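Residue numbers (the working numbering): 152 to 401.
A short worksheet on the structure shown next.
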């Protein structure tokens, strides 16, 4: 069946993508009248053993350090276009022998991953690499006034990182409490990556294997994966829009 073939191809890129987003993607890929309704599609997924169970996530942050901790500037703030608010976080990726660390910068408006770096240590130089990738995605005019929001981890508070932000007139905002909701979008991106790719596969063989697979997923995530928080658009599309995004939570 062409429908199931398409599902299997998408699952190769995103092993943990759920049935509802798959159904939404099928309607874009095929003639909409030809695609079964949501409940019928779920039944087909069940019949072919394609409905996934959610694994339990695990969590990381060292905020016990001497560096200045900045105020939270984003309480109640709702971006209306890209490059108003960036959110950053670090998560670990399990390998067969050990682990590595993924440093991410995401645009809060479009949910597009605009900077990332996979590293074998938690040194701030790698967090800076992800930031510099994000900086390279925007013009000088766009950079001035962006709010960069993160937790209070040492990588984000250290002089090298805050000086890089100041150089481009990027405002610094940090969580005040220790709840995932204080940096919800960054945590959500981590969760998508973990539940849809990392936990769905055997542990990555090594750093190179992890880097290749994550690079593929970032491309898929930005260009092909629909998001309910931006009206089931893909991030690369939403990144060029303006106005408050329409959430369609399920």
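We put the CB at the ideal spot given by N, CA and C, even for glycine.
Model, not experiment: these values are computed from the prediction.
(1) Using 8 Å as the cut-off, can you tell me whether the stretch 298-313 makes contact with the stretch 334-352, which would need three or more C-beta pairs spanning the two stretches below that distance?
(2) Checking 7 Å against the spacing of the C-beta atoms, do residue 281 and residue 306 come in under that value?
(3) Is it true that the CB of residue 233 sits closer than 7 Å to the CB of residue 256?
(4) Taking just the CA atoms, how far does residue 168 sit from residue 160?
(5) Is it the case that the Cβ atoms of residue 277 and residue 268 are separated by a distance below 7 Å?
(6) Are the beta-carbon atoms belonging to residue 221 and residue 321 less than 7 Å from one another?
(7) For residue 267, write down the residues that DSSP places opposite it in a beta bridge.
(8) Do the stretch 226-245 and the stretch 289-298 touch if we need at least three Cβ pairs shorter than 8 Å?
(9) Leaving out five residues before and five after residue 438 in sequence, what residues of the same chain have Cβ atoms less than 8 Å from its Cβ?
(10) If contacts are defined as beta-carbon pairs under 8 Å, then residue 395 and residue 253 qualify, I think. What distance do you get, rounded to the angstrom?
(11) Cβ atoms of residue 308 and residue 243: under 7 Å apart, would you say?
(12) At the level of alpha carbons, what is the spacing between residue 187 and residue 166?
Let me spell this out:
(1) yes
(2) Translated into positions along the chain shown, residue 281 becomes position 130. Translated into positions along the chain shown, residue 306 becomes position 155. No, they are not a contact pair.
(3) Taking the chain shown and counting its residues from 1, the one referred to as residue 256 is at position 105. Taking the chain shown and counting its residues from 1, the one referred to as residue 233 is at position 82. Not in contact: residue 256 and residue 233 (Cβ atoms no closer than 7 Å).
(4) Taking the first residue of the chain shown as position 1, residue 160 is located at position 9. Taking the first residue of the chain shown as position 1, residue 168 is located at position 17. Their Cα atoms are separated by approximately 12 Å.
(5) Counting from one through the chain shown, the residue named residue 277 turns up at place 126. Counting from one through the chain shown, the residue named residue 268 turns up at place 117. Cβ distance < 7 Å, so residue 277 and residue 268 count as in contact.
(6) On the chain shown, position 70 is the one that residue 221 refers to. On the chain shown, position 170 is the one that residue 321 refers to. Cβ distance not < 7 Å, so residue 221 and residue 321 don't count as in contact.
(7) As a first step, residue 267 is located in the chain shown; it is residue number 116 there, counting from the start. In DSSP, residue 267 forms a bridge with 255.
(8) yes
(9) In this structure the chain extends from 152 to 401, so residue 438 is not present and cannot be described.
(10) The count along the chain shown starts at 1 and reaches residue 395 at position 244. The count along the chain shown starts at 1 and reaches residue 253 at position 102. Contact flag wrong, Cβ pair sits at about 29 Å.
(11) For the purposes of this step, residue 243 is taken as residue 92 along the chain shown, with counting starting at 1. For the purposes of this step, residue 308 is taken as residue 157 along the chain shown, with counting starting at 1. Not a contact, by the Cβ cut-off of 7 Å.
(12) Residue numbering aside, residue 187 sits at position 36 when the chain shown is read from its first letter. Residue numbering aside, residue 166 sits at position 15 when the chain shown is read from its first letter. Going from the Cα of residue 187 to the Cα of residue 166 covers about 22 Å.
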